[in-house]
Structures are given as structure tokens and as C-alpha cells.
Amino acid sequence: MKRILIIGGGLSGLAAAYTLHKRAANDIQFDLYESEADFTGKFNTIKRDGFLIEKGPDSFLARKTAGIDLIAELGLTDQLVANATGRSYIYNNGGLFPIPEGSVMGIPTDEQALLASKLISEAGKERAVLEKTLPYHAYKNDVSLGEFFEARFGLELVKGLIEPLLSGIYAGDIYKMSLRATFPQFEKAAEQAGSLMQGLAIPSQVNMQTTGTKNTIGAFRTLQNGLSEFPKAIAAALPLERLHAGKRAMTIQKHGFTYQVKFADGTTEEADAVLIAAAHDTAVQLLDKGTAAPFRDRPLSTLATVSLAYEDAERANLPEGTGYLVARTKNYRTTACTWVHKKWPHMVPEGKMLLRGFVGKAGENWIEQKSDEEITEIVLKDYKEMMGLSETPLFAEVSRMPNAMPQYDVGHLERLQVFRANLHADYPRVQAVGMSYEGVGIPDCIRTARVAAEKLISEVRALD
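Residue 284 in full-length UniProt numbering sits at position 284 of the sequence shown; the count goes up by one each step and never skips.
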């Protein structure tokens, strides 16, 4: 029987293993190896004093169907919960301002809604609405999101509205982030309509949706008992003898038509194909220096979340909505706050409040140097200023995510193309999937992992 090894037991590795199990169990054996002690990856739901607290991802987009589809295959559809409210705010200049209706990832499409907003100055709004009249010149090469949007809307709108949303998704610097690797829809919409505002106002022209407004009620999904139930359910659907925890892969070596994977415990395993389901730093370690050169020394951002539980939800006097993002107009440490009791009321006891703060930006390393208590104090200081919150929390839960978020900087697609070509030439029937390559979201990781698994099935069967 042919054999495929999967290295990395997070969501991508589990999704690939599930595909192999369902599609090729009769003629291909798979084995999944994970360096940690379990197969939950970045997911971590805990229960404390009646609160359900996510210390990893808390939801996924429903419109990207890979997540919904896999949930259905696992028989968990009846456990899905949609977000209860859609409106988000931006904290800027001492206040919380709602994201203007019609905004698509922070980009305005409704001129009247933008003009009525108090988020930016009158001069900033006047500059922004000029976008409709500015001639559009197509870019020959990839550019940064910041450069693209500043040229269209001006600096104030970028800093006050666009940057908080887009930087929040990738924990990156939008003046380094690749337009074509992150949101190619924006370039396409502007090219087709001659204006980004006009292009994004036509739903058929762009696969996006309004963000942080009332239209995003129900746009996200989680599971009734926490999102860590997702990887647990996938693992439970797989043969136990095919799952190997506490096994760190060190190298992949080609031997004729097969591959040999060496592990840190001194053991080796042979297979006809290998799927590396992990961030690019793992691929760099496992593969020859030249093969992985395009992703060598590419950055990974370290993030942290701080969940704070409170006795009384009324003390903060928060507006209706899911939370807020922080404009990059002042050097705050926190980048966003989710009002969990409003967005996911099933996770919080009635009448109580749960806030989830986010810290960490590209290029920062202070999280690694601070204790949990120090990080909590930093968040509390910002909350006192931003929400007038001076109450002492019932408890705090800090979650650190070291080297968690890859950066899709300008040139990412070119680097990826070279890396894929290197893999094809140097390591036939070796695939690499995960957050580092074609999307950081849960549905993206599932989709790319399952596609790669299908490809390896075809390639391995062709060996006969």
C-alpha cells in the first residue's frame, strides 16, 4: 500500500488527513505527525466560572464555504452559532466611532455614510470622496496596501479607517503588505470601474462584503461549546493508529522514488509523498536550503490576547456592537477589543461581561519580554482610557501566540511561485500548506489543505 506522511497536526494537517481518510483509505495509508502533545493546533477553548473563553481563534467567515462544508461532513452543523451583532467601532481621537455603513474592509462605498461619519476630519472626508474622480492607473508590479489606498483616499482615511481593519487581519504593516497576495479584489474592482468606491459598490464585481456594520450580523460562525471542538471532531473521525503526537520532524530526504522523514527522537519513516502542514519556518527547517530559500528569514508576528471577565456588563456602558479596532494614529499597545458578551452571548453568563483584547504588531517583540500580569496591566490601562473602564476584573486569561502570524509582504506571490517550482523540481510529491502561503483564515487553511491532499492522492496513484 502506498503511503503519505503529514507533518503538522494543526487544522491544515487534520483537514488533509480527513480528506485522505475519506478519499483514499482503500489504497493509500496516511500517518499524521505532530510535535505537540495533542492535535488542537492554535485552538484553545477553556471554561471558567461559567464563561467560555477562546484563547485561540474564536470564529470563521461563513461566506468562505470550506469551513461550513467540513463542519457539515463532521455532523456538527447543529452546533454552529452565528455572531449576534455586526457593528464594530474604531477608537480614534479619544472616542469610539462606528465604521460607516457600506464599508468593505474599511474602504468606503457609500459617500453619504462617509460624509456623515465623525471618524475623520472634514478635510479627510473631502480628500477621500475625491477617489471617485481620480483617474486610475493600473500597476505593473505588486504594491503595498498602504501605498495603494493612500494614493486613492489620502493618508487620513487610511490611518483612521482602513489600516485598523486590514492590519488587524494579518497583524502586519499595511505599508509592507502585498496588495495582490492579500486583497487582489481591490485592484480588480478599481480596474473594472475606474474607481475603487464605485467598483466595490457593485457586489458582482468583488468577492467581499461590508465589514463591521449591521450587514455583518451572522457573517461569522463558531461552535456552541467552543471552536476547539472543531479540531477535536476531525481527530476523532480519524483512525487513532494513524495519529502520532509528540513527534517532531527534523528533515525530509529523498531516496530514489520515496522519502525518508527523520524525527527528533531518532526514528525514521518512509513514504511515497509528504504534506508539510505548518508555517513556513517548519518547511525551511525540513527542506534543503535552496528549495526553501524564498521563505527563509520571512517574518512571523507574535500575538497575545487578554480575556477579562467582569461581574456586571452595565458598568462599561458600551454601545451595541461587537467591539472596536484601534486607529494607528497613536502608539497604543492594544490593537482591538471584542465585546464577547455582545458578539457571542452564549459564551458569557447572563448579566456578566467578557472583553477580549488583542496585542501585538509586526516587528514588535515586547510580548515575549513581559509577564502575563504586565500584559494585563497594559491592556487595562488602554481600556480605562478607551472605554472608561476602571472596574477590577473577576479574572484575566492571557494567551500568547509566538510566531503565529506570517506576513504577506510585497512580492509574496512571486516568492510563493518560486517556492512551489523548487518543490516540484527538488521534491516531487511533496506539498506545503498552511497559513504562510494562500490565506491565514480558517476556511483558507482547510481549502488549501484538502486541495493539496487530493493532488497527492492523484500523484501517488500515478506511481502504480
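Backbone N, C-alpha and C define an ideal beta-carbon position, used for all residues, glycine too.
Check                                                                                                                      : Outcome
Closest by C-alpha distance to Met-177, when choosing among Phe-263, Leu-300, Gly-246                                      : Leu-300
The stretch 265-281 / the stretch 424-441 touching (three or more Cβ pairs under 8 Å)                                      : yes
Segment contact flag, the stretch 323-332 with the stretch 92-100, C-beta cutoff 8 Å, min 3 pairs                          : yes
Contact set for Asp-372: own chain, Cβ-Cβ below 7 Å, skip 5 residues either direction                                      : Val-398
Which residues DSSP lists as bridging Thr-305, in chain order                                                              : Phe-358, Ser-399
Residue from Thr-448, Phe-220, Ile-28 whose Cα sits closest to the Cα of Leu-80                                            : Phe-220
Stretch-stretch touch, CB-based, cutoff 8 Å, three pairs: the stretch 104-113 with the stretch 147-166                     : yes
Span separating the alpha-carbon of Asn-403 from that of Gly-102                                                           : 34 Å
Whole-angstrom distance between Thr-322 and Gly-199, CA atom to CA atom                                                    : 27 Å
Within 7 Å, strictly: CB atoms of Arg-400 and Ala-309                                                                      : no
Backbone CA spacing between Lys-64 and Ala-15 [nearest angstrom]                                                           : 15 Å
Assigned secondary structure, Leu-463 (DSSP; H/G/I helix, E/B strand, else coil)                                           : coil
Status (buried if at least 16 other CB within 10 Å, exposed otherwise) for Met-386                                         : buried
Secondary structure of Phe-183, DSSP reduced to three states                                                               : coil
Gly-218 beta carbon less than 7 Å from that of Ala-82                                                                      : yes
Rounded C-alpha distance that separates Leu-318 from Lys-342                                                               : 10 Å
Per DSSP, cross-strand counterpart(s) of Ile-28                                                                            : Lys-2
Gly-50 beta carbon less than 7 Å from that of Phe-60                                                                       : no
Among Glu-414, Trp-339, Leu-423, nearest to Val-284 - alpha-carbon criterion                                               : Leu-423
Minimum length 3: unbroken beta strand (DSSP E) runs contained in the stretch 324-395                                      : 334-339, 353-359
Validate contact between the stretch 253-270 and the stretch 446-461 using beta carbons, cut 8 Å, 3 pairs                  : no
Best match in Ile-6, Ala-396, Gly-75 for proximity to Gln-29 [C-alpha to C-alpha]                                          : Ile-6
Cβ contact check for the stretch 159-170 and the stretch 114-126: 3 or more pairs under 8 Å                                : yes
Beta-carbon spacing of Lys-134, Lys-125 below 7 Å                                                                          : Here residue 134 turns out to be Leu, not Lys, going by the sequence shown. No, they are not a contact pair.
Start-end ranges of the beta strand (DSSP E) lying completely within the stretch 94-125, minimum 3 residues                : 95-98
Integer Cβ distance of Gln-224 from His-412, believed to fall under 8 Å                                                    : Not really, about 36 Å apart at Cβ, beyond 8 Å.
Where Val-206 falls, given that 16 or more other Cβ within 10 Å makes a residue buried                                     : A caution first: Val-206 carries a pLDDT of 44, below 50, which makes its placement in the model too unreliable to give a value.
Endpoints, the alpha helix (DSSP H) within which Val-284 is located                                                        : 280-286
Where Phe-39 falls: helix, strand or coil (DSSP)                                                                           : coil
Arg-48 in three-state terms, based on DSSP                                                                                 : strand
With 16 other Cβ atoms within 10 Å as the buried cut-off, status of Leu-130                                                : exposed
Collapsed DSSP secondary structure at Ile-202 in the structure displayed                                                   : coil
Cut-off 7 Å between Cβ atoms - residues of its own chain near Leu-32, not counting five sequence neighbours on either side : Ile-6, Gly-9, Gly-13, Ala-17, Arg-242, Leu-243, His-244
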